[in-house]
Structures are given as structure tokens and as C-alpha cells.
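Numbering (my numbering), first residue to last: 198 to 486.
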């Protein structure tokens, strides 16, 4: 009976003191690899080529043990795969999750407003497309998560057209100024370009939302020594559709967008048509915070 008791104790001591190949990650991010001996109080002894290192349990973030093949050879590839996944995805469990650490964006844009409607058509003297012009924009965006966000945007553009009446030779010039304001909920996909902590993403997105347009126009007609002037104003409502992509490199933001502005006058002040629709390609620079 006593011999069986001593044999059991010997086996228990042998198992408790056996060496397991693996790695210990400390709370400060340091990684220790080698043969591991787990202690009853939770500490771990790491046996390396330089000797034994005792690591207190309160300094241990995680422990990864290698499996042993049936031939008794320790398979080290598992630890390497786990650490590679952790480094790639930036989290402890090594799963592909993306998180926009800097979820708000402010950007300034430069674009080209191209009228597709005929609301500013002046017959044979000027067409609506003659009032195309540069568009200066400002946008504030907020990303609730990696797939849903919204954008509040505005912009200003101006177009001019000069022409001469025949056969009188009278000269005229018309100027159109336009301000747009829109709110656009959007769907997106934040794709990480490195470790999540670096906050480097490319974010393609699409969206649609309501918009308001305020347009003012003035014209000057020169008849000899006389100058006659006229002015109009128009308010229009509609929808803005956008498709684009943002490159977020930490706090720096670079974006390209294409907007389709479907806008119709509601005041009845335009001479021919209420259609003030336009297309708007944009390039933007800004910050994420």
C-alpha cells in the first residue's frame, strides 16, 4: 500500500514540474518564450538559454502553450501563428476586428459644379452649363462605427457669362451664385491598412440625404451710356447622392467624392424651368479627431 502511495506522489510531482514549451506576454507588451513551469501560486518560470526567469502572476497578460506531437517533438508553429494574428489585428484574441479610433472628420474640398438641369437657360444667349464653376466645400462627418456614419456638408460656387445682343450690339453679363447645404447618412466599410492602433484606414462609402439650395443671380445690360441691372433669387430643395472614399492616415484625411445634386426651385422665380440639378466631383483634405 505504501509503495503505491509513493508512486502516486512521484507522478504528481513529476507532472507538476514538467516543462511546457510556449510564451508569456507581459502587461507591458514584452514577450518571453521558452520552456514554461507553472507554479501553484500562479507565477510562471520561463526557462531560456540565459537561465530561469520567474514572472509574477500580476505581471502576466497571457500565456500561450505549444502542443506536443505524438512523436514527442514540440510544435512551435502554433505560437508563431497566434502572435502573428495578434500583431496583424491588434487585439489579444487575434480576430479581424476594425475600430475607427478617430471617428470624427472635418474636411475642406475643391470641386467643379456642372449643371445638368435647364433652370438657368437664357435661350440662344446662354445655356445653364455656361454657369458652371468652381465649388468650395466644407464637411463634418461622424462615424458611429465601421459601417454607418453621417455627413453634414455645405458649399459655395459662382458662374459668370458675358454675351452681346445682335444686331444692337448691346453687351450684358450675368452672374449666378449658389450655396448648398445637405445632410447625408451613409453606409461605409472601414478597411484597415495596418494595426488598428495606427488608425490607418481606407473608407469607401455611399449615401443619400436631403439638401437645400439658395441661388442668387444678377445681370447687367449696357446700352450705350446706360446700364440696366436685374436680380433674382431662388430657393430649391432636393436630395444629394454621394459616392466616394476617404484615406485616413492617423489624423490626416484625404478624400475623393462624386455628388449628384437633385434640386428643384420652389419659389417659381426662374424664367424657364425649376431644375437646378448638377453633378459635383470633389477632392478634399482634412483632419480626423
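Every residue, glycine too, gets a C-beta built ideally from N, C-alpha and C. Only a predicted model underlies this, so the values are computations on that prediction, with no experimental measurement involved.
Task: Where residue 326 sits in the DSSP three-state scheme - done: Counting from one through the chain shown, the residue named residue 326 turns up at place 129. Annotated three-state conformation of residue 326 is helix, per DSSP.
Open item on the list: Can you tell me which residues form a DSSP beta bridge with residue 425?
Closed with: Taking the first residue of the chain shown as 1, we reach residue 425 at position 228. Residue 425 is bridged by DSSP to 418.
- [ ] Output the distance between the C-alpha atoms of residue 367 and residue 425, rounded to the nearest integer angstrom.
- [x] Position 170 of the chain shown, counted from the start, is the residue given in the question as residue 367. Position 228 of the chain shown, counted from the start, is the residue given in the question as residue 425. Rounded to whole angstroms, residue 367 to residue 425 spans 11 Å at the Cα level.
Open item on the list: Any beta carbon of chain D sitting closer than 9 Å to that of residue 428?
Closed with: Looking at the structure shown, chain D is missing, and only one protein chain is on hand.
Task: CB contact flag (residue 311, residue 433, <9 Å) - done: Within the chain shown, the letter at position 114 stands for residue 311. Within the chain shown, the letter at position 236 stands for residue 433. It is not a contact, given that the beta carbons lie outside the stated cut-off.
Task: Length of the line joining the Cα atoms of residue 324 and residue 315 - done: Here residue 324 refers to the residue found at position 127 when the chain shown is read from its first residue. Here residue 315 refers to the residue found at position 118 when the chain shown is read from its first residue. Whole-angstrom Cα-Cα distance: 7 Å.
TODO: Please classify residue 340: is it buried, with 16 or more other beta-carbons within 10 angstroms of its beta-carbon, or exposed?
DONE: On the chain shown, residue 340 is found 143 positions in, with the first residue counted as 1. Burial call: buried.
Open item on the list: I need the DSSP call for residue 236, collapsed to helix, strand or coil.
Closed with: Position 39 of the chain shown, counted from the first residue, corresponds to residue 236. Residue 236 falls in the coil class under three-state DSSP.
Task: Assigned secondary structure, residue 279 (DSSP; H/G/I helix, E/B strand, else coil) - done: For this step, residue 279 is matched to residue 82 along the chain shown. If DSSP states are grouped into helix, strand and coil, residue 279 belongs with the helices.
Open item on the list: Can you list, in chain order, the residues of its chain with a C-beta nearer than 8 Å to that of residue 238? Leave out the 5 residues immediately preceding and following it.
Closed with: Counting from 1 along the chain shown, the entry for residue 238 is found at position 41. Counting only Cβ-Cβ distances below 8 Å, and skipping sequence neighbours, we find 254.
- [ ] Using three-state DSSP, classify residue 255 as helix, strand or coil.
- [x] On the chain shown, position 58 is the one that residue 255 refers to. Residue state for residue 255 is assigned as helix, using DSSP reduced to three classes.
Open item on the list: Once the 5 residues before and after residue 301 are set aside, which same chain residues still bring their CB inside 6 Å of it?
Closed with: Residue 301 sits at position 104 when you count from the first residue of the chain shown. So the list reads 339 and 486, once near-sequence residues are dropped.
Open item on the list: In whole angstroms, give me the CA-to-CA distance for residue 477 and residue 463.
Closed with: As a position in the chain shown, residue 477 is number 280, starting the count at 1. As a position in the chain shown, residue 463 is number 266, starting the count at 1. When rounded, the distance between both Cα atoms is 22 Å.
Task: Reference residue 399; option with closest CA among 387, 379 and 408 - done: Along the chain shown, one-based indexing puts residue 399 at 202. Closest option to residue 399, Cα to Cα, is 387.
Task: Span of the beta strand (DSSP E) around residue 463 - done: Locating residue 463 in the chain shown gives position 266, counting from the first residue. Here residue 463 belongs to no beta strand (DSSP E), and DSSP marks it neither H nor E.
TODO: Look at residue 411 and residue 369 and say whether their C-beta atoms are less than 9 Å apart.
DONE: Within the chain shown, residue 411 is the residue found at index 214, counting from 1. Within the chain shown, residue 369 is the residue found at index 172, counting from 1. Against a cut-off of 9 Å, the Cβ pair of residue 369 and residue 411 comes out as no contact.
Open item on the list: For residue 328, count the other beta carbons within 10 Å of its own beta carbon; 16 or more makes it buried, fewer makes it exposed. Which is it?
Closed with: The sequence position of residue 328 within the chain shown is 131, counting from 1. Residue 328 comes out buried.
Open item on the list: Here's the rule I'm using: 16 or more other beta-carbon atoms within 10 Å means buried, otherwise exposed. How should residue 251 be labelled?
Closed with: Here residue 251 is taken as the residue at index 54 of the chain shown, counted from 1. Around the beta-carbon of residue 251, fewer than 16 other beta-carbon atoms lie within 10 Å, marking it exposed.
Open item on the list: As a quick exercise: from 245, 472, 440 and 224, pick the residue whose alpha carbon is nearest that of residue 348.
Closed with: Taking the first residue of the chain shown as position 1, residue 348 is located at position 151. Residue 348 has its Cα closest to that of 440, out of 245, 472, 440 and 224.
Open item on the list: Give me, in chain order, the residues of the same chain whose beta-carbon lies closer than 6 Å to that of residue 336; leave out the 5 immediate sequence neighbours on both sides.
Closed with: If you number the chain shown from 1, residue 336 lands on position 139. Residues 304, 348 and 350 of the same chain have their beta carbon placed closer than 6 Å to that of residue 336, with the five preceding and five following residues left out of the count.
Task: N-terminal and C-terminal residue of the beta strand (DSSP E) that residue 382 is part of - done: Residue mapping note: residue 382 aligns to position 185 of the chain shown, counting from 1. Note, residue 382: beta strand (DSSP E), 368-385.
Open item on the list: Determine whether the beta carbon atoms of residue 373 and residue 355 lie at a separation below 9 Å.
Closed with: For the purposes of this step, residue 373 is taken as residue 176 along the chain shown, with counting starting at 1. For the purposes of this step, residue 355 is taken as residue 158 along the chain shown, with counting starting at 1. Between residue 373 and residue 355, the C-beta gap is smaller than 9 Å, which places the two residues in contact.
Open item on the list: Does residue 469 pass the burial test, meaning 16 or more other C-beta atoms within 10 Å, or should it be called exposed?
Closed with: Mapped onto the chain shown, residue 469 falls at position 272. So residue 469 counts as exposed.
- [ ] Under the assumption that residue 405 contacts residue 458 (Cβ atoms under 8 Å), give the Cβ distance between them as a whole number of angstroms.
- [x] Along the chain shown, one-based indexing puts residue 405 at 208. Along the chain shown, one-based indexing puts residue 458 at 261. About 11 Å; that fails the 8 Å criterion.
Open item on the list: So the candidates are 236, 235, 257 and 245; which of them puts its Cα closest to the Cα of residue 159?
Closed with: This structure cannot speak to residue 159, because the chain is shown only from 198 to 486.
Task: Straight-line Cα distance separating residue 330 from residue 297 - done: Translated into the one-based positions of the chain shown, residue 297 becomes position 100. Translated into the one-based positions of the chain shown, residue 330 becomes position 133. Cα-Cα distance, rounded: 35 Å.
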